[in-house]
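Structure record follows, encoded as structure tokens.
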Amino acid sequence: MTPPRIRGTSVSISTPAPRALAEFYARLLDLEITVAEGAREGEPVDAGWAQIRPVEGRLDMTLNFEWDEHYVPPAWPTPAPSHLGWPSVSGEVSAGPAPQQVMAHLDLWAEDLSASVAWAIECGATEHPHQPQENVRVMVDPHGHPFCLFT
């Protein structure tokens with residue numbers, strides 16, 4: 000059988016506040032929020048769905064942000080060494096292993112790693128204490144998702 004044509008179009012990220020996380024990544028990546036839906040009836044005000052995508056002619060990824068009622072920030076590395084702890088949604092570091100391990104993360108190429116780390120921090124990210132490689136910086140977004148900046 001000849002395989003049918005299948006292609007990836009986007010990555011979806013679970014979060015307790017989709018529009019807020021979309022604002023963070025839109026600023027970080029200089030992309031536009033193309034969809035920002037509010038909460039449905041009965042959902043918390045921060046619920047909803049949002050999407051950022053590149054402008055016409057720019058090759059970049061599309062990110063979707065989906066509300067997850069039972070969201071738990073992931074921990075990385077797996078398992079998180081107890082001396083590193085794991086970030087909560089509020090940004091505080093909790094001791095011990097995290098209740099959920101990271102299932103995926105974004106790898107983002109950076110032309111200037113130091114400037115990109117500084118920009119990510121200005122946008123609201125934090126630098127993770129575990130830095131396994133010289134040309135990679137592990138960062139954590141405002142909702143606890145790890146992402147890597149690399150050269």
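Each residue of the sequence shown is one higher than the last, beginning at 0 in numbering that gives the first Met the number 0. Even for Gly, the Cβ is constructed at its ideal location relative to N, Cα and C.
Taking DSSP as the reference, what is the three-state secondary structure of residue i?
i: Ala103; result: coil
i: Pro145; result: strand
i: Leu28; result: helix
i: Glu22; result: helix
If you check the beta carbons only, do residue i and residue j fall under 8 Å apart?
i: Arg26; j: Gly47; result: no
i: Phe64; j: Leu105; result: no
i: Glu36; j: Ala49; result: yes
i: Ala109; j: Ser115; result: yes
i: Leu112; j: Asn134; result: yes
i: Phe23; j: Cys147; result: no
i: Ile51; j: Leu62; result: yes
Identify the continuous alpha helix (DSSP H) that holds residue i and give its terminal residues.
i: Met112; result: For the record, residue 112 in the displayed sequence is Leu; it is not Met. It spans Leu112 to Cys122 - the alpha helix (DSSP H) in which Leu112 sits, taken as one unbroken run.
Run through the DSSP bridge pairs and tell me what residue i is partnered with.
i: Asn63; result: Ser11 and Gln50
i: Met138; result: Glu126 and Phe146
i: Glu68; result: According to DSSP, which records beta bridges pairwise, Glu68 is partnered with nothing at all.
i: Val44; result: Its beta-bridge partners do not exist; DSSP assigns none.
i: Glu36; result: Trp48
Cβ contact (3+ pairs, closer than 8 Å) linking the segment 138 to 147 and the segment 9 to 28: yes
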